[in-house]
Amino acid sequence: MATPSLLLLLADGRFPAGAHAHSGGLEAAVAAGRVTDLSSLEAFLVGRLATAGLVGAAFAAAAHRAAASAESAARSAALARLDAELDARTAAPALRAVSRRQGRALLRAGRTIWPDAPFADLPTTPGGAHQPLVLGLLCAAAGLSRVETATIAAYGTVTGAASAGVRLLGLDPYRVQALLVGLADACDDTAADAARAADDPPERLPAAAAPLADIHAEIHATWEVRLFAS
Numbered sequence: 008m009a010t011p012s013l014l015l016l017l018a019d020g021r022f023p024a025g026a027h028a029h030s031g032g033l034e035a036a037v038a039a040g041r042v043t044d045l046s047s048l049e050a051f052l053v054g055r056l057a058t059a060g061l062v063g064a065a066f067a068a069a070a071h072r073a074a075a076s077a078e079s080a081a082r083s084a085a086l087a088r089l090d091a092e093l094d095a096r097t098a099a100p101a102l103r104a105v106s107r108r109q110g111r112a113l114l115r116a117g118r119t120i121w122p123d124a125p126f127a128d129l130p131t132t133p134g135g136a137h138q139p140l141v142l143g144l145l146c147a148a149a150g151l152s153r154v155e156t157a158t159i160a161a162y163g164t165v166t167g168a169a170s171a172g173v174r175l176l177g178l179d180p181y182r183v184q185a186l187l188v189g190l191a192d193a194c195d196d197t198a199a200d201a202a203r204a205a206d207d208p209p210e211r212l213p214a215a216a217a218p219l220a221d222i223h224a225e226i227h228a229t230w231e232v233r234l235f236a237s
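Residue numbers (this note's numbering): 8 to 237.
Here is the structure:
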């Protein structure tokens with residue numbers, strides 16, 4: 008049984024998985040003039056939560072479910088299907104690379120903290136497994152529930168970008184924090200929807216898309232100078 012402190016530790020942006028180095032697409036949106044102030048940042052976060060947040064949370068919850076399989080072969084097969092389906096939902100090559108890079112970083116932390124967790128059952132796809140799959144196994148190893156796992160995933164999609172907004176736009180951090188508090192119910196609702204969806208087969212998991220975010224990610228990847236990795 009996990010303690011509330013474990014949930015907080017895994018949701019903390021200071022957890023050593025490299026999340027602080029990513030803006031969730033905000034840097035490119037700011038450069039394009041689409042996010043300029045607190046109001047447009049809020050719209051960006053709402054859209055991100057409804058797309059990347061929902062998809063990532065559902066796949067993390069589904070990986071958590073797969074972790075409960077008694078046999079390694081069953082876990083491996085389930086995780087391989089999830090990895091392939093999440094890859095298909097990630098249209099931009101730059102975002103696929105970012106997800107796998109973050110997955111590697113999270114996996115390194117997970118193996119250090121929970122060495123007996125079944126991380127060996129993750130797919131051996133070049134570049135490593137997608138981050139939500141690693142998160143699902145890590146949270147299962149920590150004793151967190153499926154809903155708690157989805158909450159961490161959904162929460163991370165908005166808090167990282169919000170923090171980047173303070174740095175990129177010079178916004179008042181107190182007002183940005185108030186914005187996040189205002190999104191708390193939406194974050195919880197997204198996590199609950201994602202946890203319920205995890206009972207579906209991988210091909211029926213949420214596939215919400217954000218084409219403009221994909222375009223921004225590809226443009227951002229070409230920059231020689233940038234503040235954030237994505």
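We put the beta carbon where it would ideally sit given N, CA and C, even for glycine.
Could you check whether residue j and residue i sit closer than 9 Å to each other, using their CB atoms as the reference points?
{"i": "residue 227", "j": "residue 34", "result": "yes"}
{"i": "residue 43", "j": "residue 216", "result": "no"}
{"i": "residue 45", "j": "residue 179", "result": "yes"}
{"i": "residue 68", "j": "residue 160", "result": "yes"}
{"i": "residue 128", "j": "residue 82", "result": "yes"}
{"i": "residue 190", "j": "residue 52", "result": "yes"}
{"i": "residue 98", "j": "residue 237", "result": "no"}
{"i": "residue 54", "j": "residue 167", "result": "no"}
{"i": "residue 29", "j": "residue 105", "result": "yes"}
{"i": "residue 66", "j": "residue 139", "result": "yes"}
{"i": "residue 80", "j": "residue 107", "result": "no"}
{"i": "residue 144", "j": "residue 117", "result": "yes"}
{"i": "residue 199", "j": "residue 157", "result": "yes"}
{"i": "residue 202", "j": "residue 154", "result": "yes"}
{"i": "residue 214", "j": "residue 62", "result": "yes"}
{"i": "residue 64", "j": "residue 164", "result": "yes"}
Taking the C-alpha atoms as reference points, what is the distance between residue i and residue j?
{"i": "residue 182", "j": "residue 115", "result": "34 Å"}
{"i": "residue 17", "j": "residue 231", "result": "32 Å"}
{"i": "residue 212", "j": "residue 96", "result": "10 Å"}
{"i": "residue 113", "j": "residue 41", "result": "30 Å"}
{"i": "residue 32", "j": "residue 208", "result": "29 Å"}
{"i": "residue 11", "j": "residue 150", "result": "11 Å"}
{"i": "residue 194", "j": "residue 162", "result": "6 Å"}
{"i": "residue 134", "j": "residue 73", "result": "21 Å"}
{"i": "residue 71", "j": "residue 205", "result": "9 Å"}
{"i": "residue 120", "j": "residue 24", "result": "12 Å"}
{"i": "residue 109", "j": "residue 26", "result": "7 Å"}
{"i": "residue 184", "j": "residue 171", "result": "12 Å"}
{"i": "residue 60", "j": "residue 197", "result": "8 Å"}
{"i": "residue 75", "j": "residue 177", "result": "44 Å"}
{"i": "residue 132", "j": "residue 77", "result": "23 Å"}
{"i": "residue 14", "j": "residue 130", "result": "25 Å"}
{"i": "residue 186", "j": "residue 56", "result": "13 Å"}
{"i": "residue 126", "j": "residue 22", "result": "18 Å"}
If you follow the alpha helix (DSSP H) that residue i is in, where does it begin and where does it stop?
{"i": "residue 195", "result": "191-204"}
{"i": "residue 46", "result": "45-55"}
{"i": "residue 148", "result": "138-149"}
{"i": "residue 114", "result": "100-120"}
{"i": "residue 163", "result": "153-176"}
{"i": "residue 18", "result": "11-18"}
By the three-class DSSP mapping on this structure, what secondary structure does residue i have?
{"i": "residue 235", "result": "coil"}
{"i": "residue 214", "result": "coil"}
{"i": "residue 77", "result": "coil"}
{"i": "residue 29", "result": "coil"}
{"i": "residue 183", "result": "helix"}
{"i": "residue 91", "result": "helix"}
{"i": "residue 65", "result": "helix"}
{"i": "residue 58", "result": "helix"}
{"i": "residue 129", "result": "coil"}
{"i": "residue 82", "result": "helix"}
Say yes only if the C-beta of residue i is nearer than 8 Å to one or more non-hydrogen atoms of the ligand ZN, and no if none qualify.
{"i": "residue 129", "result": "Questions concerning the ligand ZN fall outside what the structure shown contains, since it holds no ligand whatsoever."}
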